[in-house]
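Each residue of the sequence shown is one higher than the last, beginning at 54 in my numbering. Notes follow the structure.
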Amino acid sequence: MRVVGICRFSYPAEGGFKRMHDSIAEREAYLYDPDRMALRFRHFETLTLPSMAAQRDPRFTFIVLVGESLPAVWRDRLEALTAAIPQIRIVASAPMKHRLAMQLAIKAELGEDETESIQFRLDDDDAVGVNFVGTLRRTARRSARMRESWRNMAFEYRSGYTVELSREGIRARAVQAPFWACGLAVLFRPGDPKTVMNYPHHKLHEQMPTLVDPTMPMFLRAVHGDNDSTPSSGPLMPLDDKQRAAFKARFNVDEAQVKSVFSNPVAPLGTT
(Lines of atoms letter the chains of each structure in order from A; the text may use other names.)
(Lines give C-alpha, C1' and ligand atoms only; values in the text may rest on other atoms or scores of the structure.)
Protein backbone atom coordinates (compact mmCIF):
# COMPACT_ATOMS: atom_id res chain seq x y z
CA MET A 54 0.00 0.00 0.00
CA ARG A 55 1.33 3.41 -1.01
CA VAL A 56 0.78 6.59 0.99
CA VAL A 57 1.18 9.76 -1.08
CA GLY A 58 0.63 13.33 0.07
CA ILE A 59 0.82 16.52 -1.93
CA CYS A 60 0.87 20.28 -1.40
CA ARG A 61 1.32 23.18 -3.77
CA PHE A 62 3.97 25.71 -2.84
CA SER A 63 3.21 29.01 -4.59
CA TYR A 64 2.26 27.14 -7.75
CA PRO A 65 0.97 29.59 -10.41
CA ALA A 66 -2.17 27.71 -11.34
CA GLU A 67 -4.80 28.72 -13.85
CA GLY A 68 -7.56 29.42 -11.36
CA GLY A 69 -7.62 27.68 -7.99
CA PHE A 70 -7.25 30.87 -5.93
CA LYS A 71 -9.94 33.16 -4.60
CA ARG A 72 -7.68 36.10 -5.50
CA MET A 73 -8.14 36.62 -9.22
CA HIS A 74 -5.48 37.78 -11.68
CA ASP A 75 -5.78 38.71 -15.33
CA SER A 76 -2.75 36.73 -16.45
CA ILE A 77 -0.26 34.11 -15.34
CA ALA A 78 2.41 36.81 -15.24
CA GLU A 79 0.32 38.83 -12.76
CA ARG A 80 -0.25 35.72 -10.66
CA GLU A 81 3.46 34.90 -10.61
CA ALA A 82 4.28 38.45 -9.57
CA TYR A 83 1.81 38.13 -6.69
CA LEU A 84 2.96 34.66 -5.63
CA TYR A 85 6.69 35.41 -5.79
CA ASP A 86 6.55 38.74 -3.99
CA PRO A 87 9.37 38.60 -1.40
CA ASP A 88 7.15 39.49 1.55
CA ARG A 89 4.63 36.82 0.63
CA MET A 90 7.34 34.21 0.04
CA ALA A 91 8.81 35.02 3.47
CA LEU A 92 5.43 34.34 5.08
CA ARG A 93 4.96 31.06 3.20
CA PHE A 94 8.48 29.84 3.99
CA ARG A 95 8.10 30.66 7.69
CA HIS A 96 4.94 28.58 7.97
CA PHE A 97 6.26 25.76 5.77
CA GLU A 98 9.47 25.57 7.80
CA THR A 99 7.81 25.55 11.22
CA LEU A 100 4.60 23.58 10.54
CA THR A 101 4.58 21.37 7.45
CA LEU A 102 8.19 20.23 7.33
CA PRO A 103 8.58 19.31 11.01
CA SER A 104 5.43 17.22 10.92
CA MET A 105 6.56 15.40 7.78
CA ALA A 106 10.08 14.83 9.09
CA ALA A 107 8.82 13.25 12.31
CA GLN A 108 6.33 10.74 10.87
CA ARG A 109 6.67 7.55 12.88
CA ASP A 110 5.89 5.50 9.78
CA PRO A 111 8.40 6.65 7.13
CA ARG A 112 6.75 4.75 4.27
CA PHE A 113 5.23 7.64 2.35
CA THR A 114 5.96 10.22 -0.33
CA PHE A 115 5.18 13.91 0.03
CA ILE A 116 5.05 15.87 -3.23
CA VAL A 117 5.70 19.60 -3.17
CA LEU A 118 4.31 21.10 -6.37
CA VAL A 119 5.99 24.28 -7.61
CA GLY A 120 5.90 26.27 -10.81
CA GLU A 121 8.58 25.91 -13.44
CA SER A 122 8.89 29.68 -13.11
CA LEU A 123 9.74 29.60 -9.38
CA PRO A 124 12.82 31.88 -9.18
CA ALA A 125 16.02 29.96 -8.61
CA VAL A 126 16.75 31.76 -5.35
CA TRP A 127 13.50 30.44 -3.86
CA ARG A 128 13.85 27.00 -5.45
CA ASP A 129 17.32 26.73 -3.92
CA ARG A 130 15.96 27.63 -0.51
CA LEU A 131 13.15 25.10 -0.82
CA GLU A 132 15.56 22.35 -1.83
CA ALA A 133 17.86 23.19 1.07
CA LEU A 134 15.02 23.05 3.59
CA THR A 135 13.70 19.72 2.32
CA ALA A 136 17.00 17.98 1.58
CA ALA A 137 17.10 16.11 4.89
CA ILE A 138 13.60 14.61 4.45
CA PRO A 139 13.92 11.73 1.95
CA GLN A 140 10.15 11.35 1.54
CA ILE A 141 9.81 14.79 -0.05
CA ARG A 142 9.83 15.18 -3.83
CA ILE A 143 9.78 18.64 -5.40
CA VAL A 144 7.88 18.54 -8.69
CA ALA A 145 7.82 21.50 -11.08
CA SER A 146 4.92 22.01 -13.46
CA ALA A 147 3.92 24.49 -16.14
CA PRO A 148 0.80 26.55 -15.37
CA MET A 149 -2.46 24.62 -15.66
CA LYS A 150 -5.56 24.03 -13.56
CA HIS A 151 -4.26 23.25 -10.10
CA ARG A 152 -6.34 20.11 -9.65
CA LEU A 153 -5.05 18.72 -12.95
CA ALA A 154 -1.44 19.57 -12.14
CA MET A 155 -1.69 17.89 -8.75
CA GLN A 156 -3.52 14.89 -10.19
CA LEU A 157 -0.80 14.39 -12.79
CA ALA A 158 1.92 14.66 -10.15
CA ILE A 159 0.24 12.01 -7.98
CA LYS A 160 -0.30 9.65 -10.91
CA ALA A 161 3.32 10.04 -11.99
CA GLU A 162 4.44 9.18 -8.46
CA LEU A 163 2.23 6.07 -8.39
CA GLY A 164 3.76 4.84 -11.64
CA GLU A 165 2.32 1.44 -12.61
CA ASP A 166 -0.17 1.88 -9.75
CA GLU A 167 -0.38 -1.82 -8.87
CA THR A 168 -1.36 -1.55 -5.23
CA GLU A 169 -3.85 0.34 -3.10
CA SER A 170 -2.91 3.91 -2.29
CA ILE A 171 -3.92 6.34 0.41
CA GLN A 172 -3.70 9.94 -0.77
CA PHE A 173 -3.86 13.18 1.17
CA ARG A 174 -3.42 16.87 0.48
CA LEU A 175 -2.09 19.66 2.66
CA ASP A 176 -1.61 23.36 2.32
CA ASP A 177 1.94 24.62 2.84
CA ASP A 178 0.89 26.10 6.19
CA ASP A 179 -0.64 22.92 7.65
CA ALA A 180 0.81 20.32 9.98
CA VAL A 181 -0.40 16.80 10.74
CA GLY A 182 0.20 14.53 13.68
CA VAL A 183 3.43 12.55 13.68
CA ASN A 184 1.27 9.40 13.71
CA PHE A 185 -0.74 10.47 10.65
CA VAL A 186 0.75 8.05 8.11
CA GLY A 187 0.80 5.16 10.56
CA THR A 188 -2.79 5.80 11.61
CA LEU A 189 -3.92 5.87 7.97
CA ARG A 190 -2.32 2.49 7.34
CA ARG A 191 -3.81 1.01 10.50
CA THR A 192 -7.29 2.34 9.69
CA ALA A 193 -7.03 0.92 6.16
CA ARG A 194 -6.09 -2.52 7.50
CA ARG A 195 -8.89 -2.56 10.06
CA SER A 196 -11.53 -1.48 7.54
CA ALA A 197 -10.47 -3.91 4.80
CA ARG A 198 -13.44 -6.28 5.06
CA MET A 199 -15.96 -3.48 5.47
CA ARG A 200 -14.87 -1.76 2.26
CA GLU A 201 -14.44 -4.84 0.04
CA SER A 202 -17.22 -3.78 -2.34
CA TRP A 203 -16.50 -0.04 -2.26
CA ARG A 204 -14.47 1.75 -4.89
CA ASN A 205 -13.12 4.35 -2.44
CA MET A 206 -13.23 5.23 1.21
CA ALA A 207 -12.34 8.45 2.98
CA PHE A 208 -10.70 8.64 6.39
CA GLU A 209 -11.24 11.82 8.36
CA TYR A 210 -9.64 12.96 11.61
CA ARG A 211 -11.56 16.13 12.36
CA SER A 212 -10.02 17.15 15.66
CA GLY A 213 -7.17 19.66 15.63
CA TYR A 214 -6.20 23.27 16.20
CA THR A 215 -6.38 26.58 14.43
CA VAL A 216 -3.06 28.34 15.06
CA GLU A 217 -1.51 31.75 14.56
CA LEU A 218 2.28 32.03 14.46
CA SER A 219 4.39 35.10 15.20
CA ARG A 220 7.63 36.17 16.85
CA GLU A 221 5.71 35.96 20.15
CA GLY A 222 5.08 32.25 19.57
CA ILE A 223 1.89 30.27 18.95
CA ARG A 224 -1.71 31.14 19.69
CA ALA A 225 -4.19 28.30 19.25
CA ARG A 226 -7.77 27.16 19.53
CA ALA A 227 -9.01 23.55 19.57
CA VAL A 228 -11.52 22.85 16.78
CA GLN A 229 -13.73 20.11 15.39
CA ALA A 230 -13.64 20.84 11.67
CA PRO A 231 -15.72 18.68 9.31
CA PHE A 232 -13.96 17.84 6.06
CA TRP A 233 -11.12 20.32 6.08
CA ALA A 234 -8.38 19.13 3.74
CA CYS A 235 -5.90 18.66 6.59
CA GLY A 236 -6.48 15.47 8.56
CA LEU A 237 -8.30 13.90 5.59
CA ALA A 238 -7.27 11.12 3.19
CA VAL A 239 -8.81 8.88 0.52
CA LEU A 240 -8.07 5.23 -0.22
CA PHE A 241 -7.92 4.22 -3.91
CA ARG A 242 -7.85 0.82 -5.56
CA PRO A 243 -4.99 0.03 -7.99
CA GLY A 244 -5.34 1.68 -11.37
CA ASP A 245 -8.08 4.13 -10.41
CA PRO A 246 -7.78 7.06 -12.86
CA LYS A 247 -8.90 9.51 -10.17
CA THR A 248 -6.92 10.93 -7.26
CA VAL A 249 -7.68 12.83 -4.07
CA MET A 250 -7.58 15.98 -6.19
CA ASN A 251 -10.63 14.89 -8.21
CA TYR A 252 -12.88 15.37 -5.20
CA PRO A 253 -13.73 18.60 -3.37
CA HIS A 254 -12.64 17.82 0.18
CA HIS A 255 -15.74 19.38 1.74
CA LYS A 256 -18.01 17.08 -0.30
CA LEU A 257 -16.20 13.77 0.06
CA HIS A 258 -18.87 12.38 2.37
CA GLU A 259 -21.42 12.91 -0.40
CA GLN A 260 -19.45 10.77 -2.86
CA MET A 261 -18.03 7.84 -0.88
CA PRO A 262 -18.29 6.07 2.46
CA THR A 263 -16.34 7.90 5.11
CA LEU A 264 -14.89 6.83 8.44
CA VAL A 265 -14.71 9.74 10.88
CA ASP A 266 -12.58 9.81 14.02
CA PRO A 267 -13.30 12.91 16.13
CA THR A 268 -11.19 11.84 19.11
CA MET A 269 -7.58 12.23 18.01
CA PRO A 270 -6.05 15.71 17.42
CA MET A 271 -4.46 15.30 14.00
CA PHE A 272 -3.87 18.70 12.40
CA LEU A 273 -2.77 22.29 12.82
CA ARG A 274 -4.28 24.84 10.45
CA ALA A 275 -2.65 28.27 10.32
CA VAL A 276 -4.48 31.58 10.02
CA HIS A 277 -2.65 34.63 8.68
CA GLY A 278 -2.99 37.50 6.25
CA ASP A 279 -2.32 35.39 3.15
CA ASN A 280 -4.91 32.66 3.70
CA ASP A 281 -6.75 31.87 0.48
CA SER A 282 -9.58 30.44 2.56
CA THR A 283 -10.58 31.51 6.05
CA PRO A 284 -10.97 28.92 8.83
CA SER A 285 -13.83 29.36 11.26
CA SER A 286 -13.32 32.30 13.58
CA GLY A 287 -12.91 32.24 17.33
CA PRO A 288 -10.49 33.37 20.03
CA LEU A 289 -6.94 32.06 19.88
CA MET A 290 -4.99 31.87 23.12
CA PRO A 291 -1.25 31.56 23.88
CA LEU A 292 -0.07 28.02 24.57
CA ASP A 293 0.40 26.99 28.16
CA ASP A 294 3.21 24.67 29.20
CA LYS A 295 1.10 21.54 28.78
CA GLN A 296 -0.03 22.55 25.29
CA ARG A 297 3.50 23.54 24.33
CA ALA A 298 4.74 20.08 25.22
CA ALA A 299 1.78 18.45 23.47
CA PHE A 300 2.40 20.38 20.24
CA LYS A 301 6.00 19.21 20.23
CA ALA A 302 5.13 15.59 21.00
CA ARG A 303 2.10 15.30 18.73
CA PHE A 304 3.08 17.49 15.75
CA ASN A 305 6.83 18.08 16.17
CA VAL A 306 6.02 21.80 16.19
CA ASP A 307 8.34 23.70 18.51
CA GLU A 308 7.29 27.12 19.80
CA ALA A 309 10.92 28.11 20.34
CA GLN A 310 11.61 27.46 16.65
CA VAL A 311 8.52 29.47 15.68
CA LYS A 312 9.75 32.45 17.71
CA SER A 313 13.22 32.20 16.15
CA VAL A 314 12.06 31.80 12.54
CA PHE A 315 9.46 34.57 12.77
CA SER A 316 11.97 36.93 14.42
CA ASN A 317 14.56 36.60 11.67
CA PRO A 318 14.28 37.82 8.07
CA VAL A 319 13.69 35.20 5.41
CA ALA A 320 15.91 35.77 2.41
CA PRO A 321 16.78 33.70 -0.65
CA LEU A 322 19.97 31.67 -0.34
CA GLY A 323 23.07 33.63 -1.13
CA THR A 324 21.60 37.04 -0.30
CA THR A 325 22.50 37.21 3.38
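Cβ atoms here follow ideal geometry from the backbone N, Cα and C, with glycine treated the same way.
- Task: Assuming Leu-118 contacts Arg-61 (C-beta within less than 8 Å), just tell me the rounded distance between them.
- Result: Contact between Leu-118 and Arg-61 holds: their C-beta atoms lie close to 4 Å from each other, under 8 Å.
- Query: Starting from Gly-222 and walking both ways along the beta strand (DSSP E), at which residues does that stretch end?
  - Reply: Here the beta strand (DSSP E) through Gly-222 covers 222 to 229.
- Inter-residue spacing [alpha-carbon to alpha-carbon] between Gly-164 and Pro-148: Approximately 22 Å between the Cα atoms of the pair.
- Helix or strand or just coil, what does DSSP make of Thr-325? Per-residue confidence for Thr-325 stands at a pLDDT of 44, beneath the threshold of 50, marking its modelled position as unreliable; no derived number is given.
- Flag Phe-173 as yes when its Cβ comes closer than 7 Å to any non-hydrogen atom of the ligand SAM, and as no otherwise. This structure does not include the ligand SAM; it has no bound ligands of any sort.
- Query: Would Phe-272 pass as a contact of Gly-222 if the rule is Cβ separation under 8 Å?
  - Reply: Result no, Cβ atoms of Phe-272 and Gly-222 do not sit closer than 8 Å.
- Does the region 176 to 190 come close enough to the region 96 to 114 to have 3 or more Cβ pairs within less than 8 Å? Enough Cβ pairs lie closer than 8 Å, so yes.
- Message: For Val-311, report the span of its alpha helix (DSSP H) as first-last.
- Response: Residues 308 to 316.
- Query: Are there 16 or more other CB atoms within 10 angstroms of the CB of Met-250, so buried, or fewer, so exposed?
  - Reply: Met-250 is buried by the Cβ-count criterion.
- For Ala-238, collect the residues of the same chain with a Cβ closer than 6 Å to its Cβ; drop the 5 residues on either side in sequence, then sort them by chain order. The residues are Ile-171, Phe-173, Leu-189 and Phe-208.
- Euclidean distance between Cα positions of Leu-292 and Ala-234: Counting only the Cα atoms, Ala-234 lies some 24 Å from Leu-292.
- Where Glu-132 sits in the DSSP three-state scheme: In the three-state reduction of the DSSP assignment, Glu-132 falls in the helix class, which pools H, G and I.
- Query: Between Asp-178 and His-96, which are expected to be in contact by the criterion C-beta below 8 Å, what is the C-beta distance as a whole number of angstroms?
  - Reply: Rounded, the Cβ-Cβ distance is 4 Å, consistent with contact.
- Helix or strand or just coil, what does DSSP make of Gly-213? Gly-213: strand per DSSP, three-state reduction.
- Which word fits Met-47, buried or exposed, when buried means at least 16 other C-beta atoms lie within 10 angstroms of its C-beta? With the chain running from 54 to 325 in the structure shown, residue 47 is simply not present.
- Message: Going by C-alpha to C-alpha distance, which of Gln-229, Glu-308 and Val-306 sits closest to Met-269?
- Response: For the set Gln-229, Glu-308 and Val-306, the Cα lying nearest the Cα of Met-269 is the one of Gln-229.
- State the Cα-Cα distance for the pair Ala-125 and Leu-218, rounded to the nearest angstrom. Their backbone Cα atoms lie some 27 Å apart in a straight line.
- Task: Mind checking which residues open and close the alpha helix (DSSP H) that includes Thr-114?
- Result: Element bounds for Thr-114: not the alpha helix (DSSP H) but the beta strand (DSSP E), 114 to 120.
- With Ile-138 as the anchor, note down where its beta strand (DSSP E) starts and where it stops. Per DSSP, Ile-138 belongs to no beta strand (DSSP E) and is neither H nor E.
- Item | Simplified DSSP state of Gly-187, which is helix, strand or coil | In the structure shown, Gly-187 falls within a helical segment according to DSSP collapsed to helix, strand and coil.
- Message: Rounded to the nearest angstrom, what separates Arg-242 and Trp-203 at their Cα positions?
- Response: When rounded, the distance between both Cα atoms is 9 Å.
- Report back the beta-carbon spacing between Ile-116 and Ala-66 to the nearest angstrom; my notes put them in contact at under 8 Å. About 15 Å separates the CB atoms of Ile-116 and Ala-66; that is not less than 8 Å, and the two are not in contact.
- Query: With a Cβ-Cβ cutoff of 8 Å, do Leu-175 and Thr-114 count as a contact?
  - Reply: Leu-175 places its beta carbon 8 Å or farther from that of Thr-114.
- Message: Could you give the first and the last residue of the continuous alpha helix (DSSP H) run that contains Ser-104?
- Response: For Ser-104, the uninterrupted alpha helix (DSSP H) run begins and ends at 102 to 106, by DSSP.
- Which class does Val-144 belong to by DSSP, given the choice of helix, strand or coil? Val-144: strand per DSSP, three-state reduction.
- Looking only at C-alpha atoms, which of Val-56, His-258, Gln-156 and Met-90 sits nearest to Phe-315? Comparing Cα positions, the closest option is Met-90.
- Item | Which of helix, strand or coil DSSP assigns to Ala-78 | Ala-78 falls in the helix class under three-state DSSP.
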